[in-house]
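Peer 1:
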Amino acid sequence: MRRVVVIVSILLLGGVQIGLAQAVEPSDVLVQDYVERDTTRPAPLFEGTVEQTHYVGKLDLPMIPQEEDTFATFAYTYGDIVIFSYGDSNYCRILNDAGDSVWSGVLMNEEYVLVKDIPWGVYEVLGSKEFSVLSGDPFVRGLGTWYAVDQNSRPLSTKLLSVGPKSTGIPANEAILAVFAYHNNTHVVVRNMENQTVIWEGDLDSAEYYLREGGDVPPIVYSVEATRPVSTMTSCGVNGMYVPAFNGTFTGRDFMTYQHMWGTAPQDIQFVPWEDETWVTVTDLNNPADTIRRIFCEKRGKIKGFAVPLPTGGRPLYIHADKDISVSQTEWTSFGIHHVAFYMVRGIDRDGLGLGKEFYIPLQASVSWSDIGLIYSRLHVIAFSDSTDVKVTRTPKSGGNEETTIYEGTLDRGEFYRYSCPLDDADAVAIYHVTTSEGVATMGSCLDRQGSDFLPLWFAIHPAVAAYPDQFKDTECLVSTSQTDDGAYEVYVENNGNIWDVINIFTENSDSLNFSTSLSDELGRTLPDVDGDGNPDTDTLPKGGNVLVLADVTPSDTVPFGAMDTCFFSVVSMRDTTRLDTAFLVTTILEVSIEVGPDTVRESAYPDESAVFSVYALNTSLYREDTVNLTWSSNKDPVTWPVELVGLSDSDGDGNPDVPNVLPEEIPAPFQVRVDVPDTAMAGDSAVIHLAGASVNYPSRLYPVELVADTAVLIVTVNAVPDLLIIPDTLDSVPSGQTIRYPLKVSNYGNGPDVPDITFEPGQSDWVHRLVDKDGINDLADTDGDDIPDLDTLAGLVGGVPGFDMLYLDVTPPYWALPGLFDSTIVYARSSISDTVYDSAIVVTRTRNIVALDIEPDTGTIIGPGEEAVYLLRVTNLGSTYDIIDIGSYAAPDLGWSHTLSFEDGTPLLDEDNDGVPDLGSVDSAKMVVARLVVRPHEELGSIAGAFDTTVTEHRIVWIRTYYTDDPTLVNDSVLIMTRFEPVLDIHNYPNPFSGSTTFAFSIPRAGLVTLRIYNRAGEHIRTLIDEVFYEFGGIFEAHWDGLTESGHRPAPGVYIYTLGWRERRTDEESEEFSTAQRITKAALLQP
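Take the sequence shown: its position 119, counted from the start at 1, is 1510 in our numbering, and no numbers get skipped.
1) Please report the residue range of the alpha helix (DSSP H) in which Leu-2300 lies.
2) For Ala-1996, does the three-state DSSP call read helix, strand or coil?
3) Does the structure place the stretch 2193-2202 close enough to the stretch 2161-2169 that three or more beta carbon pairs sit under 8 Å?
4) How close, in whole Å, do the beta carbons of Gly-1738 and Ile-1752 come, if the pair is a contact with beta carbons under 8 Å?
5) Look up Glu-1427 in the DSSP assignment and say whether it is helix, strand or coil.
6) Do three or more CB pairs link the stretch 2205-2217 to the stretch 2177-2190 at distances below 8 Å?
7) Is the beta carbon of Asp-2274 closer than 9 Å to that of Tyr-2206?
8) Which whole-angstrom value describes the C-beta separation of Phe-2428 and Phe-2393, a residue pair presumed to lie in contact below a C-beta threshold of 8 Å?
9) Measuring only the C-alpha atoms, how far is Tyr-1425 from Lys-1449?
10) To the nearest angstrom, how far is it from the Cα of Gly-2251 to the Cα of Leu-2416?
11) Starting from Asn-1887, follow its DSSP beta bridges and name the residues at the other end.
12) What does Asn-1926 pair with, by DSSP beta-bridge criteria?
13) For Arg-2517, which residues of its own chain have a beta-carbon under 6 Å away from its beta-carbon, when the five flanking residues on both sides are left out?
14) Are the Cβ atoms of Ala-2103 and Val-2234 separated by less than 9 Å?
15) Write down every uninterrupted run of the alpha helix (DSSP H) in the stretch 1775-1822 whose length is 4 residues or greater and which is fully enclosed by it, in chain order.
16) Apply the 10 Å Cβ neighbour rule to His-1445 and answer buried if 16 or more other Cβ atoms are within range, or exposed otherwise.
17) In the structure shown, what three-state DSSP assignment does Val-1531 receive?
18) Which of the three DSSP states, helix, strand or coil, is assigned to Ser-1873?
19) State the DSSP-derived secondary structure class of Val-1441, mapped to helix, strand or coil.
20) How far does the beta strand (DSSP E) with Glu-1383 in it extend, from its first residue to its last?
21) Between the Cα of Gly-1692 and those of Gln-1661, Leu-2122 and Ala-1489, spot the shortest distance and give me the residue it belongs to.
22) Thinking C-alpha only, which one of Arg-1684, Asp-2183 and Val-1663 is nearest Lys-1690?
23) Would DSSP call Lys-2473 helix, strand or coil?
24) Measuring straight from C-alpha to C-alpha, what distance separates Gly-2279 and Asp-2296?
25) Give the secondary structure of Leu-2020 by DSSP, where H, G and I count as helix, E and B as strand, and everything else as coil.
26) Select from Gly-2434, Ser-1984 and Asp-2304 the residue whose C-alpha is nearest the C-alpha of Arg-2352.
27) Alpha carbons only, please: which of Leu-2264, Tyr-2262, Ala-1879 and Leu-2244 is nearest the one belonging to Ile-2276?
28) Whose C-beta lies closer than 6 Å to the C-beta of Gly-1727 among residues of the same chain, with five residues either side of it excluded?
29) Counting along the chain, where does the alpha helix (DSSP H) carrying Leu-2188 start and finish?
30) Which residues mark the beginning and the end of the alpha helix (DSSP H) in which Val-2096 is found?
31) Using a Cβ-Cβ cut-off of 8 Å (strictly less than) and excluding sequence neighbours within five positions of Leu-1914, which residues of its own chain qualify?
32) From this set, Gly-1606, Asn-1576 and Asp-1596, which residue's C-alpha is nearest Ile-1590's C-alpha?
33) Tell me the DSSP bridge mates of Tyr-1538?
34) To the nearest angstrom, report how far apart Gly-1639 and Pro-1620 are at their CA atoms.
35) Whose CA, out of Leu-2013, Thr-1786 and Leu-2435, lies closest to the CA of Asp-1876?
36) Return the chain-ordered ranges of every beta strand (DSSP E) run that is complete within the stretch 1472-1530 and spans a minimum of 3 residues.
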C-alpha cells in the first residue's frame, strides 16, 4: 500500500533571506550586476501590486552534496511541491532560503508527498535516495500540462510516477492521460499508486500509445512501469510543457505527443531549432500520410510554431526534424498582448534535460485586465554554481529580429534571477535567449496561478568522467613515448555524464625524479586551461563526448633497465570535483645492450702476411644511436704481432678508438681489425685478440656490464707451409712369385707438423704391392681417418732438422710372371695440409727365373686282404716357366709290396727328357697334372692259413724333381703315402678233423676283447679257451685246445662247434667302452 503524505498548509516562516531588487525602468535598460541584495522580502505574488522587472533572490545554503549519499536540487514553485520517492527509506526535506525545514519525512519507494501552499520562491529539496519533483498546482486547480520525468530527470523511462488530470466539469476529451511507447513489444502497466489498482495493462509497439480520457477529483497519482522506456503526459487546460524526444531527452529529431482540446482556445506548438536551416514536419501519428504542417526554421534559436488544428477533438502528433530541435507545447504563437494563457513550464537547454548553459524560451506578455487583474509573465534563472555569468536577451515575436539585452550579471550558487515582463508591453511577447557560464535551470510562466511541471533535477545531472584505457608502453632513456613505434599514450577523456562538462586533467608520475609527462591534443597542440586553475582542461564536452589527449612520457638519461613509472592520468569533472577517474600509464624502461661480434672469429694467414677480421658493433636500442668504445688485448707481443683497428678514431676523446653512430634496431656497424703475422711464425701458432666494446649511452658503472659491454674473440692462426721429401728411387729384381721389400724415408721440411698420406701408382696391375709400417710387420695404417694410409705426425723443420719417418714397399710379382718383366711403382708422400703439396719416389722391380714345384697331398688309407690302394697326387709347376717334372717313389722300409705310377687315367708315364727317369712331361708354369699311384700288398698277406702274420703299414715316399737341375739327388717336393693293411675277423682250426688236440688260428682287425668258446652239437658249452682277453692290436693269433672239457674229461668223438667273438675298443671316449661283439662260428670234427 503506497502512503500519501499531504501537508495541507504551511505557514510562512520568519527570517527568510530574500533580497529585493530595485525596479529599473524602462525595461530595455541593461541591468548589470549592480543589483543590491537586501533582506527586504519582495511583495507576495497575486497581490495586485506592480512587480519589479528585475529581481535577484538568494538561497544562502550549501548545494549538493551536503553529506554522503544526499540527493539535492533547487525547486521553484508558486504554491505546491510534490516529491515522488524512487527508493525505500528515503529521508526527504524541503529547505527554505534560511535553511529552515519546510517539510521533512521518510518516504518509501513509490510514495509521494504533496506540500501545499508554500510561498513562491526557490527551495532546496534533499533526499537520502533519488526522487523527482512536480511543482505548481497539480491538485487544487489541476489545470496544466506536463510530461513526467524519472529520478534521472529523463522523460523516457521504464518507471515513471506522476499525477493525472483533474476533472473540472469539462468534457472528458479535454482531460487526458497518455503513455507513449518507443520500442516494439513494450509491456506497460498503469497503476493507481493509492490503491494499487491497475488502470490499464497491455502491450504497445513503437509509436503506439495508450490514452485515458477524463479527469478525477481528486486527480489520481499513478505509476507507469514498462519493459522498455516509455513517456507519460497529463493534460488539462491550455498547453504548457516540452515534448520528449525518442532519444530520451527533450532535444532531438523525432517526437510524439498528444494535443488535447481546451474549449475553443487555440493549442500552440513551437519548435526551438538548435541549428540553422532546419526543416520540421508535423504529421498525424494515427495517419502518417496526413502531413499537418511543414515549417522551415532559418536561424538557430528562431522559434516558430502554429496552432494545431483539432477538427474532431484531440489528436496525436508525430514531429520529425532534420536537425536537433526542442518541441514546446506552450501557448505563444497564437497569443499576444490581448490574448494570454496560464502555464508554468521549465525551459529546455541544448542538452535536453533542462539544466544547461543556453536556452531559448518563448514568453507571453504581462497584461492588466480589469476583470482579472494583473497577469505577469515571468522568467526565472536559477544558478547551481558560484560565479555563474548570466546574460538574458530577447527578440520580439513581431517587430523584427533585433535582439536586446535585458540582463547581464553574475549569480552564485542558490541565487536566482527573475524577470517580470512589463505590463502591456507588446515586445515582451518574445524569444528569451539565456546564456550562462555554468549550468542553470530556467522557468517560464504566465499568471503563476495555473499550470505545473516536473522540474530538472540537479543531482540527475550526473557528472561522470572517464579516462581510458590503462596502457603499458616500453621506451628507453631519453626517448619520449611519442618517439617510440607505439607513439605517445592515447588517452580518451570522456564525459560520461548526462550533461556538458569541462574536464580538468592532472598528471603525476610515480617516479617524478626520472620521468615527466607532457600533454597535447591529437594535433600536438597544447591543451587549454579553460578554468584558469593552471592545469590543462578539455574544451566543453557535450554529454557522451570525448576527446583524445596525447600523454608523452619522457624518462631521464640514467633510468635503470626494467624500471617502471606509472603516470596517474587523472580527470576531474569541473561540475563536481568528486567525480574523477584515473588511467594508469605504465612506462617500462627497455633493456638495451650492445654487441661486438661475431663472438668468435677465426682467420688464418701465412707468415709475413696479415689477417683481416670483419667485425661489427651492434646496438639493440630501438630508438637511439650509440657510440661504442673499443679496447683490445692480445696473447702476443703487439710489437711482433701488431694489431690495428682499421679507420677508427677516438671520437669522444677518452683515449680509445670508437665506433660512432651505431644505429638503433640492431643495424650492424661494420669495421675491420688487422693483425700482422711475423715471418718467423710457426704453423698452428695463434694470436688471440680480445676486442671489448662498451656503450657510451649506458655506462657500465650504472648498468649491468653483461648488457652494456661485450667482447669478441679474434683468433688468427698461422697457416702451414708444407714441404715433403720421400727417398730413395730404387731398382732391384725378384724371382716371380717372391716378394722384395724396399725401405723408404719421408722427411718434413715444412714449418709445422704434417701427417703425410702415402699412396702409390703400380706399374703392373697384376703384381701385388703392399705398404708396410716401419715395424716391418703391419700394413701402413690410416691414422687420420681419411681412408688413406699415412705416417705418424712428422714434426716440422726445427733448427734445420726435418722430422722424418720410415715405411716399406713390398712388391710381389705373380709366380707365373716371365723373367725380365719390369714394374715401375711411384710412391707418393702427400701433405695432409694441402693435397697439392707432395713428393714421390720411383721403385723399379724386375723379375728373374725361378723353379718351384709342388706335389700333394700327404695321404694314406687302410686295405684288407685282396685289396689295393689307389692314390691321386696333384703336381703343380709353381716356377716362372715350364718344367719337365720327374716323378718316382720308394718305401721305407721296403715291405716288398708292389706299386705302379701312371697318369690319372692310367696312361703310363713319359720320359721326355730321356734321363731314364719317368716324368710327367712338360708342364707349363702354374699348371697342374695328376699322377696315379697304386699300392698292392702280398697276396698271402693276412691269410690265417699256414704261418702266423701281423697287421702291417707301408710308408712310401713319392718325389718330384725339376728338369732344371743337374743334381740327380735333388728333390723339389715329396709326399708321404701310408697304406695300412688290416686282416678280417676270421678263424679256423688245424688239423681238422683232429684227434687228441687241435690249434685255432684267428685274425682280428684291430685291438679289442676276444672270446673263444666250444659247444657240442646240442649247444652245450664244454670249454672256453679265451674269455674276454684284451688284445692291444689287430693281427693273426693262435689258441690251442687239448681236446678236454672244462672239467678235464675227454668228450666223445663227433662234431663240435667253436665260436670266436671280438669287441672293438672305442677310443673316441674317455671311458674304456667296447662295441657290441662280432662273432664268427665254425665246426671241428673230433675223431676217436
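Where is the CB? At the ideal position from N, CA and C, for every residue including glycine.
Peer 2: Once the coordinates are examined:
1) No alpha helix (DSSP H) contains Leu-2300, which DSSP labels as neither H nor E.
2) strand
3) yes
4) 5 Å
5) Per-residue confidence for Glu-1427 stands at a pLDDT of 38, beneath the threshold of 50, marking its modelled position as unreliable; no derived number is given.
6) no
7) no
8) 6 Å
9) Confidence at Tyr-1425 is low in this model, with a pLDDT of 31, below 50, so the placement of that residue should be treated as unreliable; the coordinate-derived value is given next. Between Tyr-1425 and Lys-1449, the C-alpha separation is close to 15 Å.
10) 37 Å
11) The partner list for Asn-1887 (beta bridge, DSSP) is empty, contrary to what the question assumes.
12) Answer is none; Asn-1926 lacks a bridge partner.
13) Since the first and last residues shown for the chain are 1392 and 2479, residue 2517 lies out of range.
14) no
15) none
16) buried
17) coil
18) helix
19) coil
20) Absent from the model: residue 1383. The displayed extent of the chain is 1392 to 2479, so no value can be given.
21) Gln-1661
22) Val-1663
23) strand
24) 17 Å
25) Strictly speaking, residue 2020 in this sequence is Asn, with Leu absent from that position. Three-state result, Asn-2020: strand.
26) Asp-2304
27) Leu-2244
28) Val-1820
29) Unbroken run through Leu-2188: none, as it is neither H nor E.
30) 2096-2099
31) none
32) Gly-1606
33) Met-1624
34) 8 Å
35) Leu-2013
36) 1481-1486, 1492-1498, 1503-1506, 1512-1518 and 1522-1527
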